[in-house]
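Worksheet: one structure, shown below.
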Amino acid sequence: MLPPPFYPFCRLIIAYIIEFPSYFQMAYTMTSEKEAIIPTLGVTGKSLQRAPSTLMGLSQELRREICEHLSKQDLVNASLVNKAMQDAAIRPLYRNIALRLEDHNTKTINRISDMLTRENPGIEHIQHVRIKNWCESPRTSCQHWADVSMATTKYLINGLPRDQLKSFSWDSIHDLKPDLSMLLLKRQRKLEHVELMPLTHSQFTCIKHNFETDENLTKAVQNAKSLLLMPNADCCLDAAGLLVRSAKKTKIFKFNGDELDDSVRRISTNEEGEVTDPVFTKVLSHLKQPGAQPMQLTCLSLYNVDLEHCKTSYATVINFSTLKKLRLLYCWRLELFLECMMSPDHDYAPRLEQFMILNVQDDHEHQLPSILDSFLGYFRGLKDLQLQLVNPGVLPAVRNITRHGETLERLSVNVRKEPRSVTPEFTSYSAPLELTQLCTSLPNLTQLAISIEEWPEAVETSLSPEEGSFEQDVVAPLSKLPKLRLLNVLNWPTLNDEYIFPVAAYGALLDSQATSFFRKFSESQARQHKDKLNTLRVLAFGEHEDNENNISGIKSEDQEPTMPRFVYWRDQGRSEWSESQDTARAVRVKEQNISQLGVDTGLLKNNLKIRSSGGPASDF
1 MLPPPFYPFC RLIIAYIIEF PSYFQMAYTM TSEKEAIIPT LGVTGKSLQR
51 APSTLMGLSQ ELRREICEHL SKQDLVNASL VNKAMQDAAI RPLYRNIALR
101 LEDHNTKTIN RISDMLTREN PGIEHIQHVR IKNWCESPRT SCQHWADVSM
151 ATTKYLINGL PRDQLKSFSW DSIHDLKPDL SMLLLKRQRK LEHVELMPLT
201 HSQFTCIKHN FETDENLTKA VQNAKSLLLM PNADCCLDAA GLLVRSAKKT
251 KIFKFNGDEL DDSVRRISTN EEGEVTDPVF TKVLSHLKQP GAQPMQLTCL
301 SLYNVDLEHC KTSYATVINF STLKKLRLLY CWRLELFLEC MMSPDHDYAP
351 RLEQFMILNV QDDHEHQLPS ILDSFLGYFR GLKDLQLQLV NPGVLPAVRN
401 ITRHGETLER LSVNVRKEPR SVTPEFTSYS APLELTQLCT SLPNLTQLAI
451 SIEEWPEAVE TSLSPEEGSF EQDVVAPLSK LPKLRLLNVL NWPTLNDEYI
501 FPVAAYGALL DSQATSFFRK FSESQARQHK DKLNTLRVLA FGEHEDNENN
551 ISGIKSEDQE PTMPRFVYWR DQGRSEWSES QDTARAVRVK EQNISQLGVD
601 TGLLKNNLKI RSSGGPASDF
């Protein structure tokens, strides 16, 4: 394994080989197999020829190690240099395959066909496949394309080599058909990540029956370390339970009960006091039997699960001491789950590194703020904290956030007022004193999502409003973060309701605001951290488009189907013709292209959502 300081040098060497042919007229001189393919450049000079020959003089093992740390595009370019570089780059290039099937678009289908040919040497290295959002239309209008996509997926599953995949991930608004799930389990018996999204249509036999009658299916999931269960009926819970029993090495457990009926999803109590919890009883109750060992999970993600009796259910079958990542979304009585993790019965404090909560409006929610405060103050060591609270939510005390200051790298904490509103308001740590206290105590924070009430109106492009001191109350505290790389301002800059702007005009105003903020932040950071200049690289306005937000004052037709978030990259240039030298300049980019810029922007993903209707690419 190469040491991290060597990675930029590796990329520089690869870029040197790849980029020079675009600047010089070149002709390749073929040599023997042990020698490099040395480019003969139009410009002569030993120094220009020495770098490629030096790289090709490295061992093939070292070249492969270098390629392990390159981006996808760099790997594509490296594989086109010569046969030796193709051999070095092909393994990481094909290890993770993401395919996006869109309405009536045959390009991906042709790509799959080419990928599965015997002439493609990369097919033997495919380990992870992800199918993403293959239909954006309503379910009632795309049945034909849905059938085509299912047939394409079946062709893909049949075409891949047997027992090679470690994961096959389905990220779509539509459910994967049960027969395809069964086909996948039969052909790929070494899966480490298994997803179960069963349907109970009349034309399909319930998956439970398949597991009971085919022992090969249970054997296929024995090595699974990650489970994603998304049942939508009572009998599917039985199948999920069979799957959990078979997967004895589970480290990552994700359960989504969103498609279940309330009669199945919610806990009920009859007149005699008997408690009925179908989800836990059918999926995990076997772990309460004598001799059964608790699940040694590192990651737990629960969506739409009733936790009212978790003290006698989930807390008895999960070993909290091994948990590193915890995500509780739209769960009832989640404060009781947090209380269980702080119980004196456990002789240890939580060791969480990632903690995410999205709560629901409920009669008992008034108890959550105090328990959440106690929980955050109960331990240290969080690296990623994302809390989206709804009324009557109250922000945790700043001191309980800064308790994790030495380790915290990502932070998003806010109360979303009127959660169902398309023009939401937020409460966050935007008061000058709170913001200053927060920023001075988080030396390792690189990504921050926060609402800033004092942000000037969109027409204030210079960010210098007549009333208030934006630089002193907002810019100065934020610039105290010495490693901040990404800032997501959750609330949109407001507009005067007397006028209706087209989205293009609004975008032009935000372009200027982003440029002004980059410059002000750079100047303020230079005054406070002379050795940490220009760390901020990405500035975003608004929430993830899954929230379907609208902006008051923008033409409604410009916000259909959703209003995408505005994301800016900090570049160097001149925004005005009168400028004498290059300064910070904001360039608007599409979110899907941010990853190509080499900056970690994980906070921009919708981490508060569990598939199948979309979700974060790096779903833990």
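Be aware that the sequence shown starts at 1, since it is given in UniProt numbering, and climbs by one per residue.
For each residue, glycine too, the CB sits at the ideal point set by N, CA and C.
What you are looking at is a predicted structure, and each value in this text was computed from that prediction instead of being measured.
Closest Cα partner of Trp569 within the set Arg91, Glu591, Met563: Glu591
Report the rounded CA-to-CA distance for Leu176 versus Arg100, giving the unit in angstroms. Their backbone Cα atoms lie some 15 Å apart in a straight line.
In terms of residue numbering, what span does the alpha helix (DSSP H) encompassing Lys186 cover? 178 to 187
Using the beta-carbon count (16 or more within 10 Å), is Leu75 buried or exposed? Label assigned to Leu75: buried.
Need the endpoints of the beta strand (DSSP E) that Ser169 sits in, please. Run containing Ser169: 167 to 171, per the beta strand (DSSP E) assignment.
Label Thr40 either buried or exposed according to how many other C-beta atoms from any shown protein chain fall within 10 Å of its C-beta, with 16 as the threshold for buried. Caution applies to Thr40, whose pLDDT of 32 falls short of 50 and renders its modelled position unreliable; the model cannot decide the point.
Among Ser167, Lys325, Thr276, Leu604, the one whose alpha carbon lies nearest that of Ile450: The residue with the shortest Cα to Cα distance from Ile450 is Leu604.
Specify the secondary structure class of Gly573 as computed by DSSP and reduced to three states. Reduced to three states, the DSSP call for Gly573 is strand.
Residue from Glu271, Asp234, Thr281 whose Cα sits closest to the Cα of Leu260: Minimum Cα distance to Leu260 is reached at Asp234.
Which word fits Ala586, buried or exposed, when buried means at least 16 other C-beta atoms lie within 10 angstroms of its C-beta? buried
Please classify Gln203 as buried or exposed, where buried requires at least 16 other C-beta atoms within 10 Å of its C-beta. Reliability of the predicted coordinates at Gln203 is poor, the pLDDT of 40 falling under 50, and no value is obtained from them.
Run of the alpha helix (DSSP H) containing Ile357, from where it starts to where it stops: Element bounds for Ile357: not the alpha helix (DSSP H) but the beta strand (DSSP E), 354 to 358.
So does the segment 434 to 443 actually touch the segment 512 to 519, counting three or more Cβ pairs closer than 8 Å? no
Ordered along the chain, which non-local residues of its own chain (more than five positions away) have a Cβ less than 6 Å from that of Phe566? Leu510, Phe541
Local Cβ density within 10 Å of His404, reported as buried at 16 or more and exposed below that: buried
So, helix, strand or coil for Asp258, using DSSP? coil
Taking contact to mean 3 or more Cβ pairs, one atom from each stretch, closer than 8 Å, check whether the segment 405 to 418 and the segment 368 to 384 are in contact. Under the Cβ criterion (8 Å, minimum of three pairs), the segment 405 to 418 counts as touching the segment 368 to 384.
Thr601: which of Met295, Ser464, His544 sits nearest, CA to CA? His544
Once DSSP output is grouped into helix, strand and coil, what is the label at Ile554? strand
Can you tell me the Cα-Cα spacing of Ile112 and Leu80, whole angstroms? Put simply, the backbone Cα of Ile112 is about 20 Å away from that of Leu80.
What first and last residue would you give for the beta strand (DSSP E) that runs through Thr583? 583 to 589
In whole angstroms, what is the alpha-carbon distance linking Ile126 and Val244? 26 Å
Secondary structure at Ile118, three-state DSSP: helix, strand or coil? First, the residue type needs correcting, since residue 118 is Arg and not Ile in the sequence shown. Here Arg118 sits in coil by DSSP.
I'd like to know if the segment 474 to 488 and the segment 547 to 564 are in contact, where contact means that at least 3 CB-CB pairs between them fall below 8 Å. Short answer: they don't touch.
Are the beta-carbon atoms belonging to Val489 and Ile452 less than 9 Å from one another? yes
Just how far apart, CA to CA, sit Ser618 and Glu272? Low per-residue confidence applies at Ser618: pLDDT is 47, beneath 50, and the placement is therefore not dependable, though the value from the model is reported in the following sentence. For the pair Ser618 and Glu272, the Cα-to-Cα distance works out to about 46 Å.
Provide the residue(s) that pair with Val475 in DSSP beta bridges, ordered along the chain. None; Val475 has no bridge partner.
Roughly how many angstroms lie between the CA atoms of Thr140 and Leu93, to the nearest whole one? Low per-residue confidence applies at Thr140: pLDDT is 44, beneath 50, and the placement is therefore not dependable, though the value from the model is reported in the following sentence. Annotation: Thr140 to Leu93 spans about 37 Å, alpha carbon to alpha carbon.
Please confirm whether any heavy atom of the ligand GTP lies closer than 8 Å to the CB of Ser268. This structure does not include the ligand GTP; it has no bound ligands of any sort.
Alpha carbon of Lys530 to alpha carbon of Pro294, nearest angstrom: 51 Å
Whether Ser181 touches Leu196 by CB criterion (9 Å): yes
Applying the criterion that 16 or more other CB atoms from any shown protein chain within 10 Å of the CB defines a buried residue, is Tyr314 buried or exposed? So Tyr314 ends up on the buried side.
Within 8 Å, do at least three Cβ pairs link the segment 332 to 352 to the segment 276 to 294? Between the segment 276 to 294 and the segment 332 to 352, the count of C-beta pairs closer than 8 Å stays below three; the two stretches do not touch.
Would Glu457 pass as a contact of Leu487 if the rule is Cβ separation under 9 Å? no
Pick from Gly573, Pro161, Leu326: whose alpha carbon is nearest that of Met341? Leu326
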